[in-house]
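Some notes on the structure that comes next.
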Amino acid sequence: MLLDLLSGADVGLVDTIVYILSAVAVIFLTMPVHEFAHAFAAYKLGDQTQKYAGRLTLNPFAHIDWFGALCILLAGFGWAKPVQVNPYYFKKHKRDMAITAFAGPLANLIVAFICIFAYNFLAFVYYTIGFSLIAYVAMFFDYIALINISLAVFNLIPVPPLDGSKILAIVLPDRLYYKLMQYERYIYFAVMILIFTGALDTPIYVARNYVYGLFNGIASLPFNLLM
């Protein structure tokens, strides 16, 4: 949204303000949920590293990466400080690492579904009573849902250091996986370049829109029956 505005695209002022408020809400409210989900899953699987590192909390300032937050504002997807996990404490290293990794994107998807349900509820109320402020609040929840789905899709890309790479470890042979991890730093910079050149926009938006359509179809069912 902000990249569209900066590029001179015809984006409404109200839309831009609502988007910025939504992005800020994601940075300070839902990104901590994402990281807490990682920490909580690891903790439940036997790793207490996150507890002693102060990451087993919903306090946003324990999780915020300001550069990743800027990416959320500009591109609609980004990251927080990664939760450090010590697989030594896991009973089944690959499985438990994958569960811990998936917990973050799953949290984003749950938040997204809740926000889509709220959007549909507010849209129903708006069409019933016609109070314009409700439409803007509905838009606020809609943007939060879209950003959260984008975050989930982005984090599930199976390249290091993203969560998807830990899930990929289940199916890759150890030798091949460790070989891939040797290039984690270089892959990270390559991902950054892809983000800022917009090369990831189309695949992420296609996946995001598919998930959004699925969630919206489910969340809108009760309200469609009432109309």
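First residue of the sequence shown: 53, per this note's numbering; consecutive thereafter.
Note that the Cβ used here is the ideal one computed from N, Cα and C, for glycine as well.
All figures in this text were calculated on a predicted structure; none of them were measured in a lab.
Does residue i pass the burial test, meaning 16 or more other C-beta atoms within 10 Å, or should it be called exposed?
i: F183; result: exposed
i: T152; result: buried
i: Y171; result: buried
i: F169; result: buried
i: D148; result: buried
i: P36; result: With the chain covering 53 to 279 only, the question about residue 36 has no answer from this structure.
i: K218; result: buried
i: I270; result: exposed
i: N276; result: exposed
i: G265; result: exposed
i: H86; result: buried
i: M244; result: exposed
i: F119; result: exposed
i: A127; result: buried
Following the continuous alpha helix (DSSP H) through residue i, name the residue where it begins and the one where it ends.
i: W118; result: W118 to A127
i: Y140; result: First-last for Y140: undefined, no H or E at that position.
i: P112; result: Unbroken run through P112: none, as it is neither H nor E.
i: K144; result: No alpha helix (DSSP H) contains K144, which DSSP labels as neither H nor E.
i: P212; result: P212 -> no alpha helix (DSSP H), and no H or E assigned at all.
i: F88; result: M83 to K96
i: I69; result: L65 to A77
i: K133; result: Taken as a continuous stretch (DSSP letters only), K133 belongs to no alpha helix (DSSP H), as it is neither H nor E.
i: Q102; result: T101 to Y104
For my contact list, residue i and residue j are in at a C-beta cut-off of 8 angstroms; report their separation, rounded to the angstrom.
i: T285; j: V137; result: The structure shown does not extend to residue 285, since the chain is modelled only from 53 to 279, so the question has no answer here.
i: I196; j: V78; result: 6 angstroms
i: P157; j: L208; result: 5 angstroms
i: F80; j: P112; result: 4 angstroms
i: L203; j: P210; result: Actually they do not touch by this definition, with Cβ atoms about 16 angstroms apart.
i: I256; j: V223; result: With 8 angstroms as the limit, I256 and V223 do not qualify as a contact, their Cβ atoms being about 22 angstroms apart.
Taking only beta-carbon atoms, is residue i less than 8 angstroms away from chain B?
i: A89; result: Looking for chain B here will not work: only one protein chain is present.
Problem set entry | Start-end ranges of the alpha helix (DSSP H) lying completely within the stretch 226-276, minimum 4 residues | 226-233, 236-249 and 253-271
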